[in-house]
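Below is one structure, written out as structure tokens; the observations come after it.
Number of protein chains: 2
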Amino acid sequence: MTSRKTASFQDVRDEVIERIQTRVWPQGTLLPTELELAEEFGCARATVNRALRELADRGVVQRKRKGGTRVARRPTKQARLAIAVVRRTVEEMGAAYRYALVSRDLVPCPAWLGSRLQIDEGSRVMHLRCMHYADNRPFQFEERWINTAAVPRVLEEDFATIGPNEWLLEEVPFSDAELFLSAVPASGQLPEFLNVAPGAPLFRMERSTWFRGQPVTFVQMTFQQGYQMRASY
Amino acid sequence: MTSRKTASFQDVRDEVIERIQTRVWPQGTLLPTELELAEEFGCARATVNRALRELADRGVVQRKRKGGTRVARRPTKQARLAIAVVRRTVEEMGAAYRYALVSRDLVPCPAWLGSRLQIDEGSRVMHLRCMHYADNRPFQFEERWINTAAVPRVLEEDFATIGPNEWLLEEVPFSDAELFLSAVPASGQLPEFLNVAPGAPLFRMERSTWFRGQPVTFVQMTFQQGYQMRASY
DNA sequence: CAGTGGTCTAGACCACGGT
DNA sequence: CCGTGGTCTAGACCACTGG
């Protein structure tokens with residue numbers, strides 16, 4: 001008997017996944033309508049809807065009005081990347097976290113930054129360089145530019161004890177961001193700051209942040225050699 | 234008047250975001266109950282529920298039965314990383330894609346792989362090395378191990394014209410995976426294959442894949458120097 | 001234009017977990 | 001215990017889009 005007393009949306013979701021994985025519904029197949037599935041599972045259409053909506057979010061199926069629901073052909077996987085504050089990253093490794101400010105300057109917005117964040121070139125930005133340590137070993141070098149027009153209070157903060165990352169999280173929480181991940185050679189002052197050989201391959205995360213459409217900050221976070229970032233789907 | 238004729242779940246969701254961003258509800262604040270919000274917005278509780286559930290998924294709020302809904306304190310951002318097949322990555326750059334098989338060997342499962350994927354060490358795995366080109370320039374070097382026990386048909390495939398990535402997507406779609414991103418130096422045969430200087434910093438993505446709990450494949454994808462991966466939230 | 005998903009409602013019961 | 005979110009239902013109307 002396939003009948004359960006009550007089919008929850010999770011039951012429906014899992015059963016649909018099951019049928020896709022076991023090729024009952026191969027890629028590209030048109031699924032039955034919500035109403036038909038609701039009848040088959042003995043539940044309300046809303047229940048089926050929620051199950052299928054979740055699968056559509058994950059990219060497992062594609063849905064169109066009037067067109068129905070199809071098993072996705074080329075699943076563009078959506079991996080989830082959990083980004084925490086450096087402090088927590090370090091502490092979750094079981095290491096002691098330490099922060100140090102390297103430099104803090106108020107400068108005119110460089111052209112490359114202006115075009116990148118869409119800031120007027122005339123305006124002033126706060127340029128910060130900081131180090132983050134794990135058990136007193138260099139863990140991450142952070143270089144950041146903050147749009148003073150978006151966050152005027154940055155002028156009053158000296159960042160001696162709190163990192164700009166955590167400060168901004170208090171000041172401008174829940175912003176939007178764009179991330180770029182790459183591998184860069186240890187050049188400039190990086191070998192010195194991170195205590196690695198010049199040219200060593202380093203993992204870098206760049207992030208541009210906007211708050212309600214206004215550019216807030218651009219940051220380069222360069223990690224100690226050997227750092228790995230984890231994601232899953 | 235803040236009253237709209239009908240408040241959709243998106244209206245509720247956006248208004249809640251608005252209040253969080255404008256500090257009407259600072260971090261840690263306990264929100265009104267679903268019922269109270271439903272009254273305020275003049276909609277059903279289910280509508281509020283869906284709005285708040287979505288925000289909880291994003292990590293903007295935290296919800297507990299009896300405990301109510303709170304604005305998240307330390308927003309562990311969930312960035313979404315769209316992972317497509319190499320072919321599409323290349324084609325979306327506007328370049329011509331080309332694939333080439335470098336080597337294909339059936340080998341006993343190495344110990345490190347066995348422990349990594351939880352494969353019995355006695356079993357045999359298919360070891361593949363491939364190149365992916367963009368406009369005839371080396372774009373990605375792929376080194377992959379496939380669990381023959383999980384995908385026996387791999388023994389009949391010669392991978393002369395189709396890459397293992399795309400083949401596996403047909404064979405074992407919708408699997409689970411764990412990703413690791415890192416920076417590695419161009420060593421071994423990488424300088425040769427990718428046409429870069431030895432020691433050059435390269436972006437690498439490693440992926441372990443399971444299908445219904447069974448280990449399927451482990452792959453190292455090493456990208457051409459300068460490659461950046463994009464994500465957003 | 002007609003079928004499909006998208007959404008909303010009013011009500012109900014349940015499950016978890018603080019008090 | 002009992003308030004809160006978690007879920008389900010039966011029904012309704014709407015919006016998009018394929019034929």
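Here the protein sequences line up with chains A and B, keeping their order.
Per our numbering, the very first residue in the first sequence carries number 1; after that it's consecutive.
Per our numbering, the very first residue in the second sequence carries number 234; after that it's consecutive.
Just so it is clear, CB atoms sit at the ideal spot from N, CA and C, and this is done for glycine as well.
- Task: List the residues that DSSP assigns as beta-bridge partners of residue 301 of chain B.
- Result: Position 68 of the second sequence holds residue 301 of chain B. In DSSP, residue 301 of chain B forms a bridge with B/297.
- Message: Taking the alpha carbon of residue 175 of chain A as the reference point, which residue from B/257, B/293 and B/277 has its own alpha carbon closest?
- Response: Start at 1 with the first residue of the first sequence, and residue 175 of chain A comes out as number 175. Considering only alpha carbons, the answer is B/293.
- Query: Would you say residue 417 of chain B reaches chain A, if we count a Cβ-Cβ gap shorter than 7 Å as a contact?
  - Reply: Numbered from 1 along the second sequence, position 184 holds the residue referred to as residue 417 of chain B. So yes, residue 417 of chain B belongs to the interface.
- Please classify residue 89 of chain A: does DSSP put it in a helix, a strand, or coil? Taking the first residue of the first sequence as position 1, residue 89 of chain A is located at position 89. If DSSP states are grouped into helix, strand and coil, residue 89 of chain A belongs with the helices.
- Inter-residue CB distance, residue 190 of chain A and residue 207 of chain A (contact presumed, cutoff 8 Å): Start at 1 with the first residue of the first sequence, and residue 190 of chain A comes out as number 190. Start at 1 with the first residue of the first sequence, and residue 207 of chain A comes out as number 207. Incorrect: roughly 18 Å between the Cβ atoms, too far for contact.
- Proximal residues, the stretch 416-444 of chain B versus chain A, C-beta separation under 7 Å: 416, 417, 418, 432, 434, 435 and 436
- Task: Give the straight-line distance between the Cα atoms of residue 145 of chain A and residue 15 of chain A, rounded to the nearest whole angstrom.
- Result: Counting from 1 along the first sequence, the entry for residue 145 of chain A is found at position 145. Counting from 1 along the first sequence, the entry for residue 15 of chain A is found at position 15. Distance between the alpha carbons of residue 145 of chain A and residue 15 of chain A: 49 Å.
- Message: Is there a C-beta anywhere in chain A that falls below 7 Å from the one on residue 413 of chain B?
- Response: Position 180 of the second sequence, counting from 1, holds the residue named residue 413 of chain B. With 7 Å as the cut-off, residue 413 of chain B counts as an interface residue toward chain A.
- Query: Is there at least one Cβ from chain A nearer than 7 Å to residue 462 of chain B's Cβ?
  - Reply: Within the second sequence, the letter at position 229 stands for residue 462 of chain B. Residue 462 of chain B counts as touching chain A.
- Message: Using a 10 Å radius around the Cβ and a threshold of 16 neighbouring Cβ atoms, would you call residue 438 of chain B buried or exposed?
- Response: Against the second sequence, residue 438 of chain B aligns to sequence position 205. With 16 or more Cβ atoms within 10 Å of its Cβ, residue 438 of chain B is classed as buried.
- Query: What's the C-alpha gap between residue 323 of chain B and residue 391 of chain B?
  - Reply: Translated into the one-based positions of the second sequence, residue 323 of chain B becomes position 90. Translated into the one-based positions of the second sequence, residue 391 of chain B becomes position 158. Cα-Cα distance, rounded: 23 Å.
- Message: By the DSSP assignment, the alpha helix (DSSP H) with residue 11 of chain A in it spans what residues?
- Response: By 1-based counting over the first sequence, the position of residue 11 of chain A is 11. Start and end: 9-21.
- Message: Under 7 Å, Cβ to Cβ, is there at least one residue of chain B near residue 139 of chain A?
- Response: Within the first sequence, residue 139 of chain A is the residue found at index 139, counting from 1. So no, residue 139 of chain A is outside the interface.
- Closer than 7 Å to chain B by CB, residue 117 of chain A: Position 117 of the first sequence holds residue 117 of chain A. It does not; no Cβ of chain B falls within 7 Å.
- Could you give the residue range of the beta strand (DSSP E) that holds residue 361 of chain B? Translated into positions along the second sequence, residue 361 of chain B becomes position 128. Note, residue 361 of chain B: beta strand (DSSP E), 357-367.
- Message: I need the boundaries of the alpha helix (DSSP H) containing residue 46 of chain A, first residue and last residue.
- Response: For this step, residue 46 of chain A is matched to residue 46 along the first sequence. Unbroken alpha helix (DSSP H) run through residue 46 of chain A: 45-58.
- Note down the Cα distance separating residue 231 of chain A from residue 41 of chain A, rounded to an integer number of angstroms. Taking the first sequence and counting its residues from 1, one reaches residue 231 of chain A at position 231. Taking the first sequence and counting its residues from 1, one reaches residue 41 of chain A at position 41. The straight-line gap from Cα to Cα measures roughly 34 Å.
- Query: When the cut-off is 7 Å and only beta carbons count, does residue 4 of chain A lie next to chain B?
  - Reply: Within the first sequence, the letter at position 4 stands for residue 4 of chain A. The pLDDT assigned to residue 4 of chain A is 42, lower than 50, so where the model puts this residue is not dependable; a value taken from the coordinates is nonetheless given after this. No, residue 4 of chain A does not count as interfacial toward chain B.
- Kindly list, in the order they appear in chain B, the residues whose Cβ is closer than 8 Å to that of residue 17 of chain A. Here residue 17 of chain A is taken as the residue at index 17 of the first sequence, counted from 1. Here the neighbours are 407.
- Item | Proximity of residue 427 of chain B and residue 374 of chain B at Cβ, strictly below 7 Å | Taking the second sequence and counting its residues from 1, one reaches residue 427 of chain B at position 194. Taking the second sequence and counting its residues from 1, one reaches residue 374 of chain B at position 141. Yes, these two residues count as a Cβ contact at 7 Å.
- Taking all protein chains shown into account, do 16 or more other C-beta atoms lie within 10 angstroms of the C-beta of residue 394 of chain B, making it buried, or fewer, making it exposed? In the second sequence, the residue the question calls residue 394 of chain B occupies position 161. It counts as exposed.
- For residue 118 of chain A, which option in A/185, A/135 and A/147 has the closest C-alpha, if you only look at C-alpha atoms? As a working mapping, residue 118 of chain A is identified with position 118 in the first sequence. Ranking A/185, A/135 and A/147 by Cα distance to residue 118 of chain A puts A/147 first.
- I think residue 133 of chain A touches residue 98 of chain A, with their Cβ atoms under 8 Å apart; what is that distance to the nearest whole Å? Position 133 of the first sequence, counted from the first residue, corresponds to residue 133 of chain A. Position 98 of the first sequence, counted from the first residue, corresponds to residue 98 of chain A. Sure, about 4 Å apart at Cβ, within 8 Å.
- For residue 116 of chain A, which residues from the same chain have a beta carbon less than 8 Å from its beta carbon, with the 5 sequence-adjacent residues on both sides left out? In the first sequence, the residue the question calls residue 116 of chain A occupies position 116. Here the set comprises 208 and 218.
- Is the Cβ of residue 465 of chain B closer than 7 Å to any Cβ of chain A? The residue you call residue 465 of chain B lines up with position 232 of the second sequence. Yes, residue 465 of chain B lies at the interface with chain A (some Cβ there is under 7 Å from its Cβ).
- Query: Which residues, in chain order, does the stretch 60-89 of chain A contribute to contact with chain B at a C-beta distance below 8 Å?
  - Reply: 60, 74, 75, 76, 77, 78, 79, 80, 81, 82, 83, 84, 85 and 88
- Task: With DSSP collapsed to three states, give me the class of residue 201 of chain A.
- Result: Here residue 201 of chain A refers to the residue found at position 201 of the first sequence. Residue 201 of chain A: strand per DSSP, three-state reduction.
- Own chain residues within Cβ distance below 8 Å of residue 54 of chain A, not counting five before or after: Residue numbering aside, residue 54 of chain A sits at position 54 when the first sequence is read from its first letter. Closer than 8 Å at Cβ, skipping near neighbours: 9 and 13.
- Cα-Cα, which of A/143, A/226, A/212 and A/203 is closest to residue 458 of chain B? Locating residue 458 of chain B in the second sequence gives position 225, where the first residue counts as 1. Measuring from the Cα of residue 458 of chain B, the nearest candidate turns out to be A/203.
- Report the three-state DSSP secondary structure of residue 115 of chain A (helix, strand or coil). Within the first sequence, the letter at position 115 stands for residue 115 of chain A. Correct three-state label for residue 115 of chain A: helix.
- Per-residue contacts from residue 260 of chain B into chain A (C-beta, under 7 Å): Looking up residue 260 of chain B in the second sequence gives position 27. The contacting residues are 173.
- Proximity winner among B/345, B/405 and B/328, relative to residue 445 of chain B (alpha-carbon distances): Translated into positions along the second sequence, residue 445 of chain B becomes position 212. The candidate whose alpha carbon is nearest that of residue 445 of chain B is B/405.
- Item | Where residue 79 of chain A sits in the DSSP three-state scheme | If you number the first sequence from 1, residue 79 of chain A lands on position 79. DSSP places residue 79 of chain A in strand when its eight states are reduced to three.
- Identify the continuous beta strand (DSSP E) that holds residue 416 of chain B and give its terminal residues. Taking the second sequence and counting its residues from 1, the one referred to as residue 416 of chain B is at position 183. Unbroken beta strand (DSSP E) run through residue 416 of chain B: 409-418.
- Would you say residue 20 of chain A faces chain B, with C-beta separation under 7 Å as the test? Taking the first residue of the first sequence as position 1, residue 20 of chain A is located at position 20. Yes, residue 20 of chain A lies at the interface with chain B (some Cβ there is under 7 Å from its Cβ).
- Query: Which class does residue 159 of chain A belong to by DSSP, given the choice of helix, strand or coil?
  - Reply: Along the first sequence, read from residue 1 onward, the residue named residue 159 of chain A stands at position 159. In the structure shown, residue 159 of chain A sits in coil (DSSP, three-state: anything other than H, G, I, E or B).
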